[in-house]
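K.L.:
Got a structure here, written out as structure tokens. Questions coming.
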Amino acid sequence: MGDLIETDDPSFQRVLACVFGVQDHESRTYLTLLENPGSTVAELADILERDRSNVNRSLTTLMEKNLADRERRLLDPGGYVYQYTGTPLPEAKEMLHAALDEWVEQVHGSIEEYGREE
1 MGDLIETDDP SFQRVLACVF GVQDHESRTY LTLLENPGST VAELADILER DRSNVNRSLT
61 TLMEKNLADR ERRLLDPGGY VYQYTGTPLP EAKEMLHAAL DEWVEQVHGS IEEYGREE
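Here UniProt numbering is used: position 9 in the sequence shown is 9, and no number is missing along the way.
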């Protein structure tokens, strides 16, 4: 959160990274998923110009933070592939607001508790 406080005009991508504790490349992956729902790791790797293993790690982090989902799609010749979709923007914004509100409450609590005799 310190990065947000020190920035006069933080971008949405930066806010996303700070509030959810993800790296900038992970927030970029999320934003790319919003523009390309149903993408595979290989497709995202091409769009992001990153190695598949790095994209896969980013997707794992995003799923842990509830910012992405994956579905298994069966292929006609056999086998399957995973397709990823970002959490819809309105839902992600709600999550951001809730996380920031919780943090602000904690800060206000710390301020009020400071200096009280126990």
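Built from N, CA and C at the ideal position, the CB exists for glycine as well.
Determine whether the beta carbon atoms of Arg70 and Tyr80 lie at a separation below 8 Å.
P.N.:
Cβ atoms of Arg70 and Tyr80: not closer than 8 Å.
K.L.:
Is Thr61 buried or exposed, if buried means 16 or more other CB atoms sit within 10 Å of its CB?
P.N.:
Per the 10 Å Cβ criterion, buried.
K.L.:
Mapping the DSSP letters down to three states, classify Val22 as helix, strand or coil.
P.N.:
Val22: coil per DSSP, three-state reduction.
K.L.:
Using only the alpha-carbon positions, how far apart do Trp103 and Gly115 sit?
P.N.:
Going from the Cα of Trp103 to the Cα of Gly115 covers about 20 Å.
K.L.:
Should the stretch 41-57 be regarded as contacting the stretch 93-108, the criterion being three or more beta carbon pairs within less than 8 Å?
P.N.:
No, they do not touch.
K.L.:
Taking the CB atoms as reference points, tell me whether Thr87 and Ala68 lie closer together than 8 Å.
P.N.:
Their beta carbons are under 8 Å apart, which means Thr87 touches Ala68 by this criterion.
K.L.:
Going by DSSP in three states, Tyr114 sits in which element: helix, strand or coil?
P.N.:
In the structure shown, Tyr114 sits in coil (DSSP, three-state: anything other than H, G, I, E or B).
K.L.:
Apart from the five residues on each side of it in sequence, which residues of its chain come closer than 6 Å, Cβ to Cβ, to Leu16?
P.N.:
Cβ within range, chain order: Ser27.
K.L.:
Let me know the beta strand (DSSP E) ranges lying completely inside the stretch 9-88, each 3 residues or longer, listed in chain order.
P.N.:
Whole beta strand (DSSP E) segments, 3+ residues: 68-74 and 80-86.
K.L.:
Less than 8 Å between the C-beta atoms of Phe20 and Lys65, yes or no?
P.N.:
Yes. Within cutoff.
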